Amino acid sequence: MPNYKVFKAISVSDPPDTPAEWWVVDNRAPSQHAARLVVDRFETQEEAEHQAARLNSE
15 MPNYKVFKAI SVSDPPDTPA EWWVVDNRAP SQHAARLVVD RFETQEEAEH
65 QAARLNSE
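Whatever position you read off the sequence shown (first residue = 1), add 14 for my numbering.
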């Protein structure tokens, strides 16, 4: 199972036309969602997936 995963983050309090952020999250943290560590944020899904793949290959 990969240690780093990509999540799409949308703020519900922002205007509807606000673009989503893509987060690379360290999935090794405890099972509580709030305890997981956001490693990096990206504007595109492709950038986030590339970073997650790089981190998982280390």
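All residues carry an ideal CB built from backbone N, CA and C; glycine is no exception. All values reported here derive from a predicted model rather than from experimental measurement.
In this structure, 61 is the residue among 72, 61, 71 with its C-alpha nearest to the C-alpha of residue 20. Membership of residue 67 in the alpha helix (DSSP H) is indicated by the continuous run 59-71. Under the DSSP definition of a beta bridge, residue 55 partners with 37. Around the beta carbon of residue 23, fewer than 16 other beta carbons lie within 10 angstroms, which makes this residue exposed.
Residue environment analysis places residue 39 among the buried positions, since at least 16 neighbouring C-beta atoms fall within 10 angstroms of its C-beta.
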